[in-house]
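K.L.:
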Amino acid sequence: MAEGLHGREKLVFLETFGCQMNENDSERMLGLLKGLSYTRTKDPSDADLIIINTCSIRDKAEQKVYSILGRFKSLKKERPWLVIVVAGCVAQQEGEKLLKRAPHLDIVFGPHNVHKLKELLLQADSGRKVVVTEQTGEISPEEYGIEPVELEEKAFVSIMRGCNNFCSYCIVPYTRGREVSRKSADILSEIEGLVEKGIKEVTLLGQNVNSYGTGGGGDDMSFPELLRKVCRVEGLSRVRFITSHPKDISDELIRLFGEEPRLCRHVHLPVQSGSDGVLAAMGRGYSVEYYLSKVWLLKKLYPEMAITTDIIVGFPGESEADYEATMSLLRTVRFDNIFSFMYSPRPGTTAAGLPDQIPLEVRSERLQRLQEEQKEITNERMRGLLGRTLDVLVEGESKIDASELSGRTSCNRIVNFPAPVWLQAGPGCLIEVTITEAYQNSLRGEVRAAGC
């Protein structure tokens, strides 16, 4: 039987909110906990350790965390040895306030301190309440030298942390700190280690991957140079990256899609608004014309390229004309998909203090119209793939039908398919699938050939 800090088997319940950076942080936590003989459980009532890895981007993020903690109060009373942890950006933002409002909470730590989890658990085990929100200006190898768990065919790899852009609506620079890049040798070493464990696809993570190496840390390597080296790691099938800031995506990076066959034909390029006035108020640092110049270059060079984006509606001062400019951009570019949000003020950001805050009902109505427009565009683009034969990296059992398999194309589209009796394909296998059915969020097809 596995033994934990108390000399008996330990179970951890971990819930993750927010972005891929948080998902990667959670994987690292699970890797550390595996070394302490913890096993993951889906039921918090069975757990000896509960970790909530939080996101502060959305409206009422703090209230959501307090609500979740309230549900665990009775568990703490029933199981006094239970350790409750809040990690992530809300932990960084709220700090000591979390302990004051939720005294049954044991540990609070921000995203810079994931690698200290073992030490923090030992302190909590001795009866101490712990809050750690220090931010450092460099990344040590041990911060990311943690073997992840629950991986099969793909993995996230953080190449940097923090953000220097300070968009007027965004709290990330305050919770994740200023930009700091990892050493390229450490990144490549981590990826080579993942490949040895059977990983076929990696996604490079950063708030703005295009500025890798230009802030603190790192070395003399630019992001396109790093990306080229990653694409040439022996044993990898695919390489992705997120997120790109439009003002920093270079023509050199765009050309790389044509030079490196392992680089997936998908770019997530957040535009946020189709109005120059709103973009200026957001502090985005580019115009609609500039954004479109990058989109048209991508589409010209790589017609099959999938381009996705983020859009915020209802930003303070957004007029109906501003909103219609965003709708016009949507119809012009015809994104493969969008992640759309109503603006919500985040404490401490410049935008929270701006005049002309848009009423909730107006923001809600604008979001609904935007999403309905994009739904039609996405369906049209998905139907355009009918009859095409696409390379699909198998990820495992289909979430729609357990008797089928599921995978993704280079353009990041989900494909479900029945496995013929001759197919010996597991996670990580690259196969050819002819598309027979198209839906808004997925495709379905028939296997034509397998490369494994």
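The numbering of the sequence shown is this note's numbering, which starts it at 370 and goes up by one.
The beta carbon of each residue, even a glycine, is placed where N, CA and C say it ideally should be.
1) Put His-637 into one of helix, strand or coil per three-state DSSP.
2) Just list the residues that DSSP pairs Ser-550 with in beta bridges.
3) Relative to the C-alpha of Arg-631, which candidate in Lys-569, Pro-672 and Asp-588 has its C-alpha closest?
4) Does DSSP classify Glu-372 as helix, strand or coil?
5) Using only CA atoms, which one of Cys-539, Ala-819, Arg-757 and Leu-774 lies nearest to Phe-710?
6) Here's the rule: buried if 16 or more other CB atoms are within 10 angstroms of the residue's CB, otherwise exposed. What is Phe-535?
7) Label Thr-678 either buried or exposed according to how many other C-beta atoms from any shown protein chain fall within 10 Å of its C-beta, with 16 as the threshold for buried.
8) Classify Ala-720 as helix, strand or coil using the three-state DSSP reduction.
9) Let's test the definition: count the other Cβ atoms within 10 Å of the Cβ of Arg-653 and tell me whether it reaches 16, buried, or not, exposed.
10) Leaving out five residues before and five after Tyr-808 in sequence, what residues of the same chain have Cβ atoms less than 6 angstroms from its Cβ?
11) Over the uninterrupted beta strand (DSSP E) stretch that includes Ser-709, give me the two end residues.
12) What span of residues does the beta strand (DSSP E) with Arg-607 cover, start to end?
13) Distance, Cα to Cα, Thr-505 vs Arg-547?
14) Just to confirm, are Ile-727 and Gly-795 a CB contact at a threshold of 8 angstroms?
15) At what residues does the alpha helix (DSSP H) containing Ser-443 begin and finish?
16) Can you say whether Gly-373 is buried or exposed, counting buried as having 16 or more other CB atoms within 10 angstroms of its CB?
17) List the endpoints of the continuous alpha helix (DSSP H) containing Asp-691.
18) Taking only the alpha-carbon atoms, compute the straight-line gap between Arg-715 and Phe-786 and give it to the nearest angstrom.
19) Tell me whether Ala-371 is buried or exposed, calling it buried when 16 or more other Cβ atoms sit within 10 Å of its Cβ.
20) Could you please give the first and the last residue of the uninterrupted alpha helix (DSSP H) stretch that includes Ala-460?
21) Could you give the distance in angstroms between the alpha-carbon of His-481 and the alpha-carbon of Thr-572?
22) Please identify the residue among Arg-634, Glu-521 and Gly-686 whose C-alpha is closest to the C-alpha of Leu-649.
23) Counting only beta-carbon atoms, is Ser-395 nearer than 8 angstroms to chain C?
24) Using a Cβ-Cβ cut-off of 6 angstroms (strictly less than) and excluding sequence neighbours within five positions of Ile-528, which residues of its own chain qualify?
25) When burial is assigned at 16 or more other CB atoms within 10 Å of the CB, is Lys-379 buried or exposed?
26) DSSP puts Leu-383 in a beta bridge; with which residues?
27) Could you pull out every residue in the same chain whose Cβ sits closer than 7 angstroms to the Cβ of Phe-708, ignoring the five residues on either side in sequence?
28) Less than 8 angstroms between the C-beta atoms of Leu-755 and Ile-804, yes or no?
29) In angstroms, rounded to a whole number, what distance separates the CA positions of Glu-561 and Gly-604?
30) Which one or two residues does DSSP pair with Leu-573 in a beta bridge?
31) For Ser-619 versus Leu-638, is the C-beta distance shorter than 8 angstroms?
32) When the Cα atoms are used, what is the spatial distance from Ala-675 to Val-636?
P.N.:
This is what the structure holds:
1) DSSP places His-637 in strand when its eight states are reduced to three.
2) Ser-550 pairs with Met-529 and Gly-586.
3) Out of Lys-569, Pro-672 and Asp-588, Lys-569 has the C-alpha closest to the C-alpha of Arg-631.
4) Here Glu-372 scores only 45 on pLDDT, less than 50, and its place in the model should not be relied on; the value that follows carries that caveat. Reduced to three states, the DSSP call for Glu-372 is coil.
5) Among Cys-539, Ala-819, Arg-757 and Leu-774, the Cα nearest to that of Phe-710 belongs to Cys-539.
6) Counting C-beta atoms within 10 angstroms of its own C-beta, Phe-535 has fewer than 16 neighbours from the protein chains shown and is therefore classed as exposed.
7) That one is buried.
8) It is helical.
9) By the beta-carbon neighbour count (other beta carbons within 10 angstroms, threshold 16), Arg-653 is buried.
10) Non-local beta-carbon contacts of Tyr-808 in its own chain, meaning distances under 6 angstroms to residues more than five positions away in sequence, are absent.
11) Counting along the chain, the beta strand (DSSP E) containing Ser-709 begins and ends at 706 to 711.
12) Looking at the DSSP string, the run of the beta strand (DSSP E) that includes Arg-607 is 607 to 611.
13) C-alpha separation (whole angstroms): 9 angstroms.
14) Not in contact: Ile-727 and Gly-795 (Cβ atoms no closer than 8 angstroms).
15) 430 to 447 is the extent of the alpha helix (DSSP H) around Ser-443.
16) Model confidence at Gly-373 stands at a pLDDT of 47, short of 50, so the residue's coordinates are unreliable and nothing is read from them.
17) Unbroken alpha helix (DSSP H) run through Asp-691: 689 to 702.
18) About 43 angstroms.
19) Any reading at Ala-371 needs caution, since the residue's pLDDT is 39, under 50, leaving its predicted position unreliable; the model's value is listed next. Exposed, since its Cβ has fewer than 16 Cβ neighbours within 10 Å.
20) For Ala-460, the uninterrupted alpha helix (DSSP H) run begins and ends at 458 to 463, by DSSP.
21) Cα to Cα, the separation comes out at about 20 angstroms.
22) Per the sequence shown, the amino acid found at residue 649 is Ala instead of Leu. Gly-686 is the residue among Arg-634, Glu-521 and Gly-686 whose C-alpha sits nearest the C-alpha of Ala-649.
23) Here there is only one protein chain, and chain C is not present.
24) Close CB contacts of Ile-528 within its chain, under the 6 angstroms cut and outside five residues either way in sequence, are with Arg-551, Ile-556, Leu-573, Gly-575 and Tyr-581 (chain order).
25) Per the 10 Å Cβ criterion, buried.
26) Under DSSP, the beta-bridge partners assigned to Leu-383 are Ile-420.
27) Same-chain partners within the cutoff: Asp-679.
28) Yes.
29) If you draw a straight line from the Cα of Glu-561 to the Cα of Gly-604, it comes to about 9 angstroms.
30) Looking at the DSSP assignment, Leu-573 forms a beta bridge with Val-526 and Phe-610.
31) If you check the CB distance, Ser-619 and Leu-638 do not come in under 8 angstroms.
32) Using only the alpha carbons, I get a separation of about 6 angstroms.
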